[in-house]
Amino acid sequence: MEYKKNDILTIDIEDMGHDGEGIGKSEGYTLFVKDTVIGDRAEVKIMKAKKNYGYARLLRILRPSPDRTEPKCPVARACGGCQLQFLSYEKQLEFKKNKVLGNLQRIGGFSGIEADKVMGMEEPWRYRNKAQFPVGRSKEGKLITGFYAGRTHSIVASRDCLLGVEVNKEILDRILAYMEACHVEPYNEKTGKGLVRHILLRYGFKTGEIMVCLIINGNRIPAQDRLAAALMDIPGMTSITLNVNTKRNNVILGEKVIPVWGKEYITDYIGTVQYQISPLSFYQVNPIQTEKLYGTALEYAGLTGNETVWDLYCGIGTISLFLAQKAKQVYGVEIVPAAIEDAKRNAKLNKIANAEFFVGKAEEVLPEKYEKEGIQADVIVVDPPRKGCDGAVLQTMLKMQPEKIVYVSCDSATLARDLKLLCENAYQLEKVAVCDMFPQGVHVETVCLLKRR
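When the count follows the numbering used here, it moves up by one through the sequence shown with no breaks and lands on 1727 for the last residue.
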């Protein structure tokens, strides 16, 4: 039977894909359906038909899965930011564990592996310490902020995301009221005109400090004092800044930060380590789970106080400073100069003297320090971007032969690819831990311990 666009079918959902979409079959023809979960019987409409598979839209649930939950968020389907909000939290954790282990088996060729631990959250809501809201106008011309609908740049209006902290709504209300009163226009992607592009909010979970940063298409904002006055009496308000981005692209932040009121950063803690966070700093968005993630990395490193540790892709030194508490010496490497400035400042802030940081590509700094200066490593920790480790980094690690490699990953597919290479050459995969950094969403963090054979 040949299926085509707009066909309406009834299917049973038997599996879930990497992006959290349900997968069902009709007479052998595979359909991917967003907003469905394993066990649902659903009426669906084909939106795109390929030869052997297609994409369909959920019309209605005919028989819900026992694992299906009613989404808490009123715009869950339209927004698409929480792909798993329809699935019970227990099953979300199972889905993520299976995703990691499945990739390690299929791509990495590892057999018989189990998860050492799966770290979920007691309260999988209101966990994000950072939110970025695009600003625009609705079809009716009303000033709105919210999130982009999946795979589009049309804004789904929402001022209270249930993953963010509750104070965000009040801040957004006040900013939009200021924009209305002072006739400040939101940015329009199609025309390149308008001023306010995004509103970036950060919140320190341990300190209660709040940062507000308006990303603007220009160098100044009208009635700046009125903006500051509208926000500064919110308890915890610490930093109000502007970020300049006049480029016509999809990148949210520009490089220039202009102070408006208060400090240019907020502080927060992971464990007992304090960090200064600026609008441009990369900082994990879920502080409760970050502590578990880094705690596991530290546990797997098994430091006794005599080790030299390299932390590659170190960012603002979050893992480096965690490791420095137990290591003899830590060296951090990061390509972003501003992040290394943050890392050095954070080391000073915590009176940590045994951490040194280098700016550059890990694939260039590491070989140079090893080959020219003979700096060895007992433990190497890597926490690369989604694309995984550069080939030269993997080769240098194999040359340096540390006793242990601790690999922290935000993409289990590239993790599996890299571990395959390392474990074909001298290393053995000892432990795998899964950490749910993003409840309700599909992404998952993994920590792996490799030991030299």
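Quick reminder that beta carbons are idealized off the backbone N, C-alpha and C, glycines included. Keep in mind the model is a prediction, meaning the values are calculated, not measured.
Per the DSSP secondary-structure output, Ala1629 pairs in a beta bridge with Val1604. Gly1386 carries a coil assignment under DSSP once its states are collapsed to helix, strand and coil. Under DSSP, the beta-bridge partners assigned to Ser1683 are Thr1720. When secondary structure is reduced to three states using DSSP, Pro1659 falls in the coil class, being assigned neither helix nor strand. Of the residues Lys1371, Leu1501, Thr1310 and Arg1380, the one whose Cα lies closest to the Cα of Leu1516 is Leu1501. By the criterion of a C-beta distance shorter than 8 Å, Asp1281 is surrounded in its chain by Lys1319, Ile1320 and Ala1323, once the five residues flanking it on both sides are discounted. Annotation for Ile1590: no beta strand (DSSP E) segment contains it, and DSSP assigns it neither H nor E.
Looking at Pro1641, Lys1625, Val1721 and Ala1612, the one whose alpha-carbon comes closest to that of Val1656 is Val1721.
Rounded to the nearest angstrom, the gap between the Cα atoms of Thr1688 and Val1680 is 15 Å.
About 24 Å separates the beta carbons of Leu1378 and Val1311, which is beyond the 8 Å limit, so they are not a contact pair. Under the DSSP definition of a beta bridge, Arg1342 partners with Leu1361.
Rounded to the nearest angstrom, the Cβ distance from Leu1672 to Asn1699 is 5 Å, consistent with a contact under 8 Å. Taken through DSSP and simplified to helix, strand or coil, Asn1517 comes out as strand.
For Asp1286, the enclosing beta strand (DSSP E) stretches over residues Ile1282 to Met1290. Between Leu1469 and Asn1493, the C-beta spacing is not below 7 Å. Scanning Glu1483, Gly1294, Thr1582 and Val1439 for the CA closest to the CA of Leu1367 turns up Gly1294.
In summary, Ser1432 is buried, with 16 or more beta-carbon neighbours lying within 10 Å of its beta-carbon over all protein chains present.
C-alpha of Ala1617 to C-alpha of Phe1306: approximately 43 Å in a straight line.
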